[in-house]
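Numbering (this note's numbering), first residue to last: 197 to 466.
Step one of this worksheet: look at the structure below.
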Amino acid sequence: MKSLKSHISLIFAMMALLISYQLYLTVLGLTKNYEDKLNKDYAIIAVSSIPLSEKELKGDYSIVKSVEPIDAMPYLAYMQKDLSSENYEMLKNSLPGFFKIKLYKYPSKEELGVIAKVLKSKKGVVRVETFTKSQNAISSILDTFKIGTIGYLMVVFVLNILLFIKFMEVWRHEHINRMQIMSLFGAPVWMRSVILVKMAIFDSILAIAFTLGIFYGLSVSTDVVAYLGALGLGDSLPFEPLRSVKDFSVICVSVSFVSVSFVAFRRLDI
């Protein structure tokens, strides 16, 4: 019974680590979905007395997707009735060009600053509107969210490493007699620690299976999909089973190796 409790506790500890990592991937995925949605409606407006070259801007900055002229005639039409024909034509001829610049991705504060600087250095450009205030506020929120998630993951990772080592110590004491006998007969460290490795692998496999099951269930849940849609975070929960299996396996193997090594290379004194 004691051994069973140890196994269950270790499985839950490993699951906590894997769930934290998967939550990190999920947060990154949802954040990217939100940034993509924002980017669809986001554009930089430039006012220039001469046409802007899309090819030249793309060469200067790789995230520039397109440069489109904005037709100002519909806006001038509202003024036509209040102006004489001569003044209207004069206004129309003196009006600079307006350009909408679309990007491949939602820019960070640093990227936006560089783009604005590049645009302002262009000949003929008289004004650049990047909507910096609102964009910086959104970027700060997204960056804070990402940093908080990473910080949480690191804390959980360290705590679970310590917990995993503790369980390895418990198992070591349970098998201390066998390990001491094998040591007396000259068995190498890896052979004395085989039982610990097997236990760690078995519990890791169960933890991976349970964690995958949880996130697969969430990814196909209509309630979760509806909730994400209501928040504007996409129409599905970011979850790639194959990638998760690979990542989970690497995490479990790494944690198991560190923990078993920490215990195995200690002296076998009781």
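No residue lacks a Cβ here, since even glycine has one placed at the ideal position from N, Cα and C.
These numbers were taken from a predicted model, which means no experiment stands behind them.
Check: At least 3 beta-carbon pairs within less than 8 Å: the region 242 to 249 vs the region 392 to 401; Outcome: no
Check: 6 Å Cβ shell around K316 - same chain, five flanking residues per side excluded; Outcome: V324
Check: Endpoints, the alpha helix (DSSP H) within which V314 is located; Outcome: 305 to 316
Check: Outcome for Y238 when other beta-carbon atoms lying within 10 angstroms are tallied against a minimum of 16; Outcome: buried
Check: Length of the line joining the Cα atoms of K319 and I337; Outcome: 35 Å
Check: C-alpha gap between G293 and E285, whole angstroms; Outcome: 15 Å
Check: Span of the alpha helix (DSSP H) around I397; Outcome: 390 to 415
Check: 8 Å Cβ cutoff met for F363 and M211; Outcome: no
Check: Outcome for I447 when other beta-carbon atoms lying within 10 angstroms are tallied against a minimum of 16; Outcome: buried
Check: First and last residue of the uninterrupted alpha helix (DSSP H) at S422; Outcome: The identity of residue 422 in the sequence shown is Ala, whereas the question assumes Ser. Where A422 is concerned, the enclosing alpha helix (DSSP H) stretches over 418 to 427.
Check: Rounded C-alpha distance that separates V322 from S281; Outcome: 27 Å
Check: With 16 other Cβ atoms within 10 Å as the buried cut-off, status of V441; Outcome: exposed
Check: Alpha-carbon spacing of S339 relative to V390, whole angstroms; Outcome: It is worth fixing the name first, because residue 339 is Asp in this sequence and not Ser. When rounded, the distance between both Cα atoms is 44 Å.
Check: For K298, the first and last residue of its enclosing beta strand (DSSP E); Outcome: 293 to 299
Check: Stretch-stretch touch, CB-based, cutoff 8 Å, three pairs: the region 264 to 271 with the region 341 to 348; Outcome: no
Check: C-alpha distance - K394 paired with V310, whole-angstrom precision; Outcome: 54 Å
Check: C-alpha gap between I207 and A403, whole angstroms; Outcome: 5 Å
Check: Nonlocal neighbours in the same chain, by C-beta distance under 7 Å from S335, ignoring five residues either side; Outcome: S304, K305
Check: Alpha-carbon spacing of L438 relative to K228, whole angstroms; Outcome: 20 Å
Check: N- and C-terminal bounds of the beta strand (DSSP E) containing E325; Outcome: 321 to 325
Check: With 16 other Cβ atoms within 10 Å as the buried cut-off, status of V263; Outcome: buried
Check: Cβ-based neighbour list, N429, same chain, cut-off 7 Å, excluding 5 preceding and 5 following; Outcome: Note on identity: in this sequence residue 429 is Leu, with Asn being the wrong assignment. Closer than 7 Å at Cβ, skipping near neighbours: L226, N229, Y230.
Check: Beta-carbon gap between I266 and T326 smaller than 8 Å; Outcome: no
Check: Endpoints, alpha helix (DSSP H) assigned at E252; Outcome: 250 to 256
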